[in-house]
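Peer 1: Following this message is one structure expressed as structure tokens.
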Amino acid sequence: MIPQEFIQSLLGRVDIVDVIDRYVKLKKAGANFSACCPFHNEKTPSFTVSPSKQFYHCFGCGAHGNAIGFLMEYSGLAYPEAIRSLAETVGMPVPETQARFDAPRASQAPGLAARMMEALGYYRAQLKKGRIAIDYLKGRGLSGEIAARYGLGFAPDGWQNLEAVFPDYATAELKDTGLVIDTEPTEDQPEKRSRRYDRFRNRVMFPILDSRGNVIGFGGRVIGEGEPKYLNSPETPLFEKGRELYGLYQARRAIRDANQVIVVEGYMDVVALAQHGVENAVATLGTSTTPVHVAKLLRLADNVVFCFDGDAAGRKAAWRALEVALPVLTDGKLVSFLFLPERDDPDSFVREKGKAAFLQALAQAKPLSQFLFGELVAKVDMGTEEGRARFLAQAKPLVSQIEAPALRAMLRHRLAELARLEPAEIEALLPPSKAAPASPRRPMARQGKRATSFAMKLLALVLWRPDLAHLVPVAAIDGSAPEYAALKAVVSYFGEDSGRNLGQASAYFEGSEHHPVIVEALGEPLLKQAESPDFDYESEIRGAVERLEEERRTRRGSELLRLVASGEATPEERAEFEHFHAQLATAKGNPVPEERSKF
Ligand SMILES: [Zn+2]
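Count the sequence shown with our numbering and you get residues 16 to 614, in order.
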């Protein structure tokens, strides 16, 4: 891997404005530069590039990142390639790197990320050791080259094999990797200690990589019989299933070249297709397609083909993908659906019939509109008025989600034809298009997962204005939620060197457990307000810090209350408690509440 110190100094040297201006013409707009966003369709520019932050950000679709991230998103370069190409422009030689799978990334995120790399090293070594897994892969027609490219490994049978890999096998930290499972003590034997064992046993292992090539999870396919056939890592601080696509790291370049991405259901499908020279396939990871997936896919290529099994489950998965795609479609993008013959999956299909047959099938994929109307028409009797009315009722909520103007118009037209109504009658039945185009990326923010807290807002403000990070005392950040940990890490990072910018911070935290929280903070609507010239950062930050401190005091207060009430308090704690309450009473101008004052 390329050392983080190098990446930090590279980002200190390049100017993101020059980098982006080579691809997208930028216009000066106040302290920033702006353009129409290259990642979503728009007529008025909401894409801004900040020279002081060394960061780009689109307030329309939420796309953001540093110079490296821009090259990856825009040119489809893989992480190391993007760094090399950037380093070339400023004449910095990139330090020698080691093969991706062979060494843990030493420079940062020593915790989870390094552990995942260690596990991968172990699984890969196990694959080479025995015959079982190699025979299995060979039986599936996979070459050693493809196995190496996808980092395939083997988890041997046995309950605690990973004890040999991790000296801290029993610790809570290892649990966070998702590689081990603890048994629950049973009700009839509550005294029985919980036991820990390996999650993956007797399985071919497929490492799941993020866009930087870091291992964030694993998929395991059982060898021979056994349930479940496919097993994935659980969600961990590194791995969020709804955001990740298996094989994207390897497929990036092929996707860009073909301007097409094929979405399949399983990792074996991705690997088998690659074996046969179809390299632009990715898979969802044991979840149905999410809006995050679709937004990601549409940014990668203009042409997205969902390739599902021909059975009922496959059709259901395809329908789900369609529903998710409707609101984020833009004109100029083509989403289509390919159903393989029943009992076939892409793996078996390409193995038996070969690449040419697969590409031929791919060319016959149904465009989204055809799939949409085809499914609806099949459910009703279009020969009757009642049937057509039902069809219309079911089509209405779907078609009205489409914001892409041309596609929307065409689908309405087709709808009228099928329902045997005049276009004007259809217009009267459908709600008018929303004034503002639906933002394709906003739903990606993990809504509902974590209520926006002021700690999150504070994190966003500090990321936006690192020069004000010193206003946040690290000691005041005291909470166990991930946003506190991220805030603490970010404030400390900026505190070490006042010259650091957001672009560098985002490279530094990429792949760490704080990364998802940071991404979420950068999606805070507050940042849009903060762009206004009369936004007062200092008082916003000071206000949030006050709340942090208040929260910390409250927490300490209830801790003291608990100690005093249970008689466990030391004389010092008791004194602190008295003092605390006296203060609280003066601050609020209230007498100390009755039930508390008796302590
Ligand atoms: Zn955008």
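Note that CB positions come from ideal geometry on N, CA and C, so glycine has one too.
1. Using only the alpha-carbon positions, how far apart do L92 and T399 sit?
2. Just reading off the alpha helix (DSSP H) that H308 is part of, what are its end residues?
3. Does the segment 150-162 come within contact of the segment 182-199, defined as at least 3 CB pairs closer than 8 angstroms?
4. Beta-carbon within less than 8 angstroms of D183's beta-carbon, same chain only, minus the 5 sequence neighbours each way: which residues are those?
5. Would you say the beta carbon of G75 comes nearer than 7 angstroms to a heavy atom of ligand 1?
6. Taking the beta strand (DSSP E) that A345 belongs to, which residues open and close that run?
7. Which class does Q275 belong to by DSSP, given the choice of helix, strand or coil?
8. Looking at C-alpha atoms only, which residue of I31, M425, I83, E88 is the closest neighbour of T63?
9. Looking only at its chain, what residues have a beta carbon closer than 6 angstroms to the beta carbon of I22, apart from the 5 residues adjacent to it on each side?
10. Can you tell me whether V489 is buried or exposed? The criterion is at least 16 other CB atoms within 10 Å of its CB, across all chains shown.
11. For G582, count neighbouring Cβ atoms within 10 angstroms of its own Cβ and tell me buried if that reaches 16, exposed if not.
12. Return the bridge partner residues of R405 from the DSSP annotation.
13. Bridge partners for L246 per DSSP, in chain order?
14. So, at 7 angstroms on beta carbons, what are the nonlocal neighbours of V180 in its own chain, with the 5 sequence-adjacent residues on each side left out?
15. Tell me whether V109 sits in a helix, a strand or coil according to DSSP, three-state version.
16. Sort out for me which residues DSSP pairs D21 with in a bridge.
17. Tell me whether A78, by its Cβ, gets closer than 7 angstroms to a heavy atom of ligand 1.
18. At the level of alpha carbons, what is the spacing between L537 and A443?
19. Let's test the definition: count the other Cβ atoms within 10 Å of the Cβ of Y38 and tell me whether it reaches 16, buried, or not, exposed.
20. Quick one: does L474 have its CB under 8 angstroms from some CB of chain C?
21. Taking contact to mean at least 3 C-beta pairs separated by less than 8 angstroms, is the segment 345-353 in contact with the segment 404-424?
22. DSSP beta-bridge partners for R211?
23. Please classify I223: does DSSP put it in a helix, a strand, or coil?
24. Buried or exposed, going by whether 16 or more other CB atoms sit within 10 Å of the CB of V105?
25. Look at V365 and V320 and say whether their C-beta atoms are less than 8 angstroms apart.
26. According to DSSP, is P182 part of a helix, a strand, or is it coil?
27. What I want to know is whether the C-beta of H291 ends up closer than 7 angstroms to one or more non-hydrogen atoms of ligand 1.
28. Any heavy atom of ligand 1 closer than 7 angstroms to the beta-carbon of F54?
29. Can F70 be considered in contact with ligand 3, in the sense that its beta carbon sits closer than 7 angstroms to one or more heavy atoms?
30. Mark E535 as exposed unless 16 or more other C-beta atoms lie within 10 angstroms of its C-beta, in which case mark it buried.
31. Given a cut-off of 8 angstroms on the beta-carbon distance, is the pair V414 and L433 in contact?
32. When burial is assigned at 16 or more other CB atoms within 10 Å of the CB, is H308 buried or exposed?
33. Count the other CB atoms, across all protein chains shown, that sit within 10 Å of the CB of A124; report buried if there are 16 or more and exposed otherwise.
34. I want to check one thing, is the minimum distance from the CB of F62 to the heavy atoms of ligand 1 below 7 angstroms?
35. Tell me which residue opens and which closes the beta strand (DSSP E) that T63 is part of.
Peer 2: Looking at the atomic coordinates:
1. As a first step, residue 92 must be located in the sequence shown, where it is residue number 77. As a first step, residue 399 must be located in the sequence shown, where it is residue number 384. Cα to Cα, L92 sits roughly 54 angstroms from T399.
2. Within the sequence shown, residue 308 is the residue found at index 293, counting from 1. Note, H308: alpha helix (DSSP H), 306-315.
3. no
4. Mapped onto the sequence shown, residue 183 falls at position 168. Hits under 8 angstroms: L189.
5. Locating residue 75 in the sequence shown gives position 60, where the first residue counts as 1. Yes, the Cβ of G75 comes within 7 angstroms of a heavy atom of ligand 1.
6. The residue you call residue 345 lines up with position 330 of the sequence shown. The sequence given here has Thr at residue 345, not Ala. Premise fails: T345 is in no beta strand (DSSP E) and is neither H nor E.
7. Within the sequence shown, the letter at position 260 stands for residue 275. It is a strand residue.
8. In the sequence shown, the residue the question calls residue 63 occupies position 48. For the residues I31, M425, I83, E88, the minimum Cα distance to T63 belongs to I31.
9. Within the sequence shown, numbered from 1, the residue matching residue 22 stands at position 7. So the list reads A522, once near-sequence residues are dropped.
10. As a working mapping, residue 489 is identified with position 474 in the sequence shown. With fewer than 16 Cβ atoms within 10 Å of its Cβ, V489 is classed as exposed.
11. The residue given as residue 582 occupies position 567 in the sequence shown. It counts as exposed.
12. Mapped onto the sequence shown, residue 405 falls at position 390. DSSP lists no partner for R405.
13. Here residue 246 refers to the residue found at position 231 when the sequence shown is read from its first residue. Per DSSP, G235.
14. Within the sequence shown, the letter at position 165 stands for residue 180. Same-chain partners within the cutoff: E133, A134, Y137.
15. Residue mapping note: residue 109 aligns to position 94 of the sequence shown, counting from 1. Coil, per DSSP.
16. The sequence position of residue 21 within the sequence shown is 6, counting from 1. Correcting the residue identity first, residue 21 is Phe in this sequence and not Asp. Its beta-bridge partners do not exist; DSSP assigns none.
17. In the sequence shown, residue 78 corresponds to position 63, counting from 1. Result yes, Cβ under 7 angstroms from ligand 1.
18. What you label residue 537 is simply residue 522 of the sequence shown in a count that begins at 1. What you label residue 443 is simply residue 428 of the sequence shown in a count that begins at 1. Cα to Cα, L537 sits roughly 40 angstroms from A443.
19. Counting from one through the sequence shown, the residue named residue 38 turns up at place 23. So Y38 ends up on the exposed side.
20. Absent from the structure: chain C. Only one protein chain is present.
21. yes
22. As a working note, residue 211 is residue 196 in the sequence shown. According to DSSP, which records beta bridges pairwise, R211 is partnered with D197.
23. For the purposes of this step, residue 223 is identified with residue 208 of the sequence shown, where counting begins at 1. Strand.
24. Numbered from 1 along the sequence shown, position 90 holds the residue referred to as residue 105. Answer is exposed; the Cβ neighbour count stays below 16.
25. The sequence position of residue 365 within the sequence shown is 350, counting from 1. The sequence position of residue 320 within the sequence shown is 305, counting from 1. No, these two residues do not count as a Cβ contact at 8 angstroms.
26. In the sequence shown, counting from the first residue as 1, residue 182 sits at position 167. The answer is coil: DSSP assigns P182 none of H, G, I, E or B.
27. For the purposes of this step, residue 291 is taken as residue 276 along the sequence shown, with counting starting at 1. No - ligand 1 has no heavy atom lying nearer than 7 angstroms to the Cβ of H291.
28. On the sequence shown, position 39 is the one that residue 54 refers to. Result yes, Cβ under 7 angstroms from ligand 1.
29. Ligand 3 is absent from the structure shown, which contains only ligand 1.
30. Your numbering for residue 535 matches position 520 in the sequence shown. Counting Cβ neighbours within 10 Å, E535 comes out buried, since at least 16 surround it.
31. Along the sequence shown, one-based indexing puts residue 414 at 399. Along the sequence shown, one-based indexing puts residue 433 at 418. Against a cut-off of 8 angstroms, the Cβ pair of L433 and V414 comes out as no contact.
32. The residue labelled residue 308 in the question sits at position 293 within the sequence shown. Its Cβ being crowded by 16 or more others within 10 Å, H308 is buried.
33. In the sequence shown, counting from the first residue as 1, residue 124 sits at position 109. With a pLDDT of 41 at A124, under the threshold of 50, the modelled position of this residue cannot be trusted; read the value that follows with caution. Buried.
34. On the sequence shown, position 47 is the one that residue 62 refers to. At least one heavy atom of ligand 1 is nearer than 7 angstroms to the Cβ of F62, so yes.
35. Taking the first residue of the sequence shown as 1, we reach residue 63 at position 48. Residues 62-65.
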